[in-house]
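Numbering (my numbering), first residue to last: 291 to 417.
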Amino acid sequence: MYAGRKIALGIATVALAAGAATVTGPAQATPATGKSAAAECGVRADGKLWCGNRVGAKGYEHRRYNSAVRGPLNTSPSWFQCWGRGDQHAGGNNVWYWTQLDNGQWGNVAAVDVHTSVDPAPGLREC
């Protein structure tokens, strides 16, 4: 009887762990395509670009590195509301993405820190 309880407890633990692994926040949600949000990078029906980003990327007040830092992106993937042109950056262009940063502030993130295949991201509105 003891061995049976041990097996049942083990199965319950695995089931619970598997269930907990599927509970995620909005940025981690799996889109209808079946790909993970981290692997997907594109504009969704909500009009936002959902894409992976460099963890620790800074969001700036303006699209310039010499403007005030508003906060970081400490999580990935993230969503971006729109794009605009600003300072040239190491990504080889001058595209910046506007988003709400992890501290609740809004800021501009250089495209070099967003894992897009082309900038600006197709289908995302300009701001």
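The beta carbon of each residue, even a glycine, is placed where N, CA and C say it ideally should be.
Would residue i be called buried (16 or more neighbouring beta carbons within 10 Å of its own) or exposed?
i      : result
Val408 : exposed
Tyr355 : exposed
Trp396 : exposed
Gly364 : According to the sequence displayed, residue 364 carries Asn and not Gly. Under this definition Asn364 is an exposed residue.
Asp336 : exposed
Whole angstroms is fine: what's the gap from residue i's alpha carbon to residue j's?
i      : j      : result
Cys417 : Trp369 : 15 Å
Ser357 : Cys341 : 24 Å
Would you identify the three-state DSSP class for residue i, choosing helix, strand or coil?
i      : result
Ala433 : Outside the shown range of the chain, which is 291 to 417, sits residue 433, and nothing can be said about it.
Ala347 : strand
Ala401 : helix
Glu416 : strand
Thr406 : coil
Ser368 : strand
I want to see whether chain D comes within less than 8 Å of residue i, judged by CB atoms only; does it?
i      : result
Val333 : In summary, chain D is missing from the structure at hand, where a single protein chain is found.
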